[in-house]
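Numbering (the numbering used here), first residue to last: -14 to 60.
We put the CB at the ideal spot given by N, CA and C, even for glycine.
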């Protein structure tokens, strides 16, 4: 598993922890499936650029720092 995937998985978990919400709640907020959030947190998949933007906006709206910084060579 690449560092990017692991960093993203941790960032998603940090968002949920800070807001004290479930994977299902975050999925509803981001308009994705529960399975998608689960796969992100378990490091099985990564979101596309558009979804990354949605997540960043969600964090801004909730006054959270999105602590995921992708490596430029893996985008």
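Leaving out five residues before and five after residue -3 in sequence, what residues of the same chain have Cβ atoms less than 6 Å from its Cβ? Excluding residues within five positions, the ones whose Cβ falls inside 6 Å are 25, 26.
Considering only residues of the same chain and omitting the five flanking positions on each side of residue 49, which have a CB-CB separation below 7 Å? Taken in chain order, the residues that qualify are 0, 3.
Taking the alpha-carbon of residue 42 as reference, which of 28, 15, 33 has the nearest alpha-carbon? With distances taken between Cα atoms, residue 42 lies closest to 15.
I need the boundaries of the alpha helix (DSSP H) containing residue 19, first residue and last residue. Under the DSSP assignment, residue 19 falls in the alpha helix (DSSP H) whose first and last residues are 19 to 26.
What do you get for residue 20, buried or exposed, if any count of 16 or more other CB atoms within 10 angstroms of its CB means buried? Exposed, by the Cβ-count rule.
Assuming contact is defined by CB atoms lying nearer than 8 Å, are residue 56 and residue 5 in contact in what I supplied? Judged by their CB atoms, residue 56 and residue 5 are not nearer to each other than the 8 Å cut-off.
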